[in-house]
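J.: One structure coming up, written as structure tokens, with questions to follow.
Number of protein chains: 2
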Amino acid sequence: MEKTPLVRKLGAFVALSDPELSVLASLHRRRRTFVAGRDLVQQGQSDQAAYILASGWACSYKVLEDGQRQIVDFQVPGDFLGLRSVLFNVSDHSIEPVTDIEVTEVHVSDLLDAFAQTPRLATAVLWAASRDEAMVVEHLVNVGRRDAAERMAHFLLELGGRLVLVGLGSRDGYACPLTQYLLADALGLSAVHVNRVLRQLREAGLVTFRDGFVSFDDYDRLTEFAQFDSSYLDQSGPLLR
Amino acid sequence: MEKTPLVRKLGAFVALSDPELSVLASLHRRRRTFVAGRDLVQQGQSDQAAYILASGWACSYKVLEDGQRQIVDFQVPGDFLGLRSVLFNVSDHSIEPVTDIEVTEVHVSDLLDAFAQTPRLATAVLWAASRDEAMVVEHLVNVGRRDAAERMAHFLLELGGRLVLVGLGSRDGYACPLTQYLLADALGLSAVHVNRVLRQLREAGLVTFRDGFVSFDDYDRLTEFAQFDSSYLDQSGPLLR
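One line per chain: the protein sequences are A and B, in this order. Heads up: the first sequence at position 148 corresponds to 148 in UniProt numbering, and the numbers run straight through without jumps. Heads up: the second sequence at position 19 corresponds to 19 in UniProt numbering, and the numbers run straight through without jumps.
Right under this line is the structure:
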């Protein structure tokens with residue numbers, strides 16, 4: 001069976017059996033593609049679906065009445081899009097593809113069917129949702145308590161850890177399509193400030209983000225600088241055998 | 001059957017059947033009490049349990065290496081404590097009772113058993129986790145994009161909405177045990193700043209927080225001032241019948 005990014009990711013939590021893998025594969029029926037920059041889900045929308053990201057990057061965000069935007073998180077292959085509010089009457093956020101993306105569409109009824117067939121999969125999806133929340137918590141700590149350079153370093157390390165899990169990164173670095181504007185909206189900085197902080201981290205020999213690639217120049221020192229403790233990503237091995 | 005705060009809360013998402021209510025009641029076997037100020041769960045702890053809060057208030061927080069603290073959220077009756085990381089190898093956060101509290105302790109095996117018996121309950125727990133995440137997202141928007149007065153107003157309205165759902169508040173207000181120090185650690189403000197902002201909101205005739213009670217002096221104007229859209233609390237009625 002093809003090992004999708006989602007299967008790789010859930011494997012960090014639970015050793016899925018063949019029948020469970022079949023149920024998971026059945027969630028991948030409705031394949032769709034979306035082009036960069038056009039919302040898949042809009043804040044306030046009802047009857048919204050969730051999606052599993054197969055390839056490309058997306059971002060989830062909220063817009064205030066005065067037009068300010070806060071990017072909540074970026075999604076990479078293996079992540080759910082819109083899982084948080086698929087069970088809500090209306091979506092509490094918008095989702096925009098950062099690049100062209102391939103997804104599979106998942107309806108609430110698909111989730112209910114899958115959970116009925118294999119409760120362990122329900123637990124795995126709850127784990128994935130918990131991990132998404134743990135990342136938002138770190139973004140709150142970022143914006144609330146870390147200075148701009150630590151914030152950026154923590155954020156680039158988190159993305160690295162997530163991408164390693166789905167085979168798209170290493171301790172050397174990863175391909176990253178994010179612009180400085182997107183980084184600014186995620187980290188609560190201006191684009192000019194993002195540029196300055198990236199230069200500062202590069203000149204300190206810690207990390208270089210250039211030409212669509214994040215290179216960890218000194219992974220250990222960067223980790224120490226950002227006080228990055230990856231345990232909230234819970235990638236150290238499956239709890240459920 | 002006794003209608004616990006959790007049953008009241010989940011009722012906003014799903015009309016639970018009698019068998020489902022029995023399974024939920026079976027989660028309430030291990031009753032425990034904790035005194036204010038002593039952590040139930042510590043960041044980095046393994047083999048942690050989750051808890052369902054029956055009475056009292058708690059807070060979840062993260063501490064940085066330099067000792068700074070960010071309160072992620074407060075929990076009120078009907079909320080889970082530690083649900084986010086009960087499926088993780090180690091807890092990513094700490095939980096402290098704000099008042100003396102009564103809880104029931106829930107182990108991962110209890111959750112797995114309950115999900116196996118009724119998949120709809122698994123969906124309801126996923127909904128509760130999604131709602132917790134939606135609140136953390138709003139706290140990120142608070143700290144990232146709202147000024148101090150809007151931030152405080154939004155936060156007090158959110159708590160009000162949550163308490164109404166479990167029968168502990170109304171549009172007039174609610175009993176609130178939070179100190180200015182706790183509000184400061186949640187909102188990324190100093191205690192002095194919290195004091196100033198509360199005075200400002202009171203003098204504007206919007207809301208008064210005094211002697212352990214939050215009084216909405218003008219609920220509609222406060223809602224408009226904070227741009228508070230409660231749809232992320234998803235309390236408008238059950239999606240699943």
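Heads up, the beta-carbon is just placed ideally off N, CA and C, and yes, glycines get one too.
1. What residues from the segment 103–130 of chain B come within 8 Å of chain A, judged by C-beta to C-beta, listed N to C?
2. Going along chain B in order, which residues have a C-beta closer than 9 Å to the C-beta of Glu96 of chain A?
3. Of all Cβ atoms in chain B, is any one closer than 8 Å to the Cβ of Gln68 of chain A?
4. Determine, using beta-carbon pairs with one atom in the segment 84–92 of chain A and one in the segment 11–22 of chain A, whether at least three such pairs fall under 8 Å.
5. For the beta strand (DSSP E) that contains Glu96 of chain A, what are its first and last residues?
6. Leu140 of chain A and Leu140 of chain B look like a contact to me (Cβ under 8 Å); what is the Cβ gap, rounded to whole Å?
7. Using beta-carbon positions only, say whether Leu182 of chain B and Ile71 of chain B come within less than 8 Å of one another.
8. Check each residue of the segment 18–43 of chain B: if its Cβ is closer than 7 Å to any Cβ of chain A, include it; give the result in chain order.
9. Would the segment 50–69 of chain A count as touching the segment 170–189 of chain A if we require 3 or more Cβ pairs under 8 Å?
10. Reducing DSSP to helix, strand and coil, say where Ala148 of chain A ends up.
11. So, does the CB of Asn195 of chain A fall closer than 8 Å to a CB anywhere in chain B?
12. DSSP puts Gln70 of chain A in a beta bridge; with which residues?
13. Assuming Thr118 of chain A and Leu240 of chain A are in contact, meaning their beta carbons sit under 8 Å apart, how far apart are those beta carbons, in whole angstroms?
14. Give me the Cα-Cα distance between Ala191 of chain A and Tyr51 of chain A, rounded to the nearest whole angstrom.
15. Residue range of the beta strand (DSSP E) that Tyr51 of chain A falls in?
16. Using 10 angstroms around the beta-carbon of Asp79 of chain A, count the other beta-carbons present and answer buried if the total reaches 16, otherwise exposed.
17. Please report the straight-line C-alpha distance between Leu21 of chain A and Ser230 of chain B, rounded to a whole angstrom.
18. Only counting the same chain, and skipping five residues up and downstream in sequence, which positions put a Cβ closer than 8 Å to that of His193 of chain A?
19. If Val103 of chain B and Leu53 of chain B are in contact, beta carbons under 8 Å, what's the gap, nearest whole angstrom?
20. Using the Cα positions of Leu168 of chain A and Leu159 of chain A, report the straight-line distance between them to the nearest angstrom.
21. Along chain B, which residues have their Cβ under 7 Å away from the Cβ of Ser190 of chain A?
22. Determine the direct distance from the alpha carbon of Asp218 of chain A to that of Gly212 of chain A, and round the result to whole angstroms.
T.: Taking the geometry as given:
1. Val108, Leu111, Leu112, Phe115, Ala116, Pro119, Arg120, Ala122, Thr123, Val125, Leu126, Trp127, Ala129, Ser130
2. Within 9 Å Cβ-Cβ: nothing; Glu96 of chain A doesn't reach chain B, min ~16 Å.
3. yes
4. The segment 84–92 of chain A is not in contact with the segment 11–22 of chain A.
5. 94–97
6. 5 Å
7. yes
8. Those residues of the segment 18–43 of chain B placed with their C-beta closer than 7 Å to a C-beta in chain A do not exist.
9. yes
10. helix
11. It does not: the Cβ of Asn195 of chain A has no partner Cβ on chain B nearer than 8 Å.
12. Residue pairing by DSSP puts Gln70 of chain A in a beta bridge opposite A:Lys62.
13. In fact, because the Cβ distance is near 12 Å, the residues do not count as touching under 8 Å.
14. 30 Å
15. 50–55
16. For Asp79 of chain A, the number of other beta carbons within 10 angstroms of its own is at least 16, and it is reported as buried.
17. 37 Å
18. Ala148, Ala184
19. 6 Å
20. 10 Å
21. Per Cβ cutoff of 7 Å: no residues; Ser190 of chain A is ~13 Å from chain B at best.
22. 18 Å
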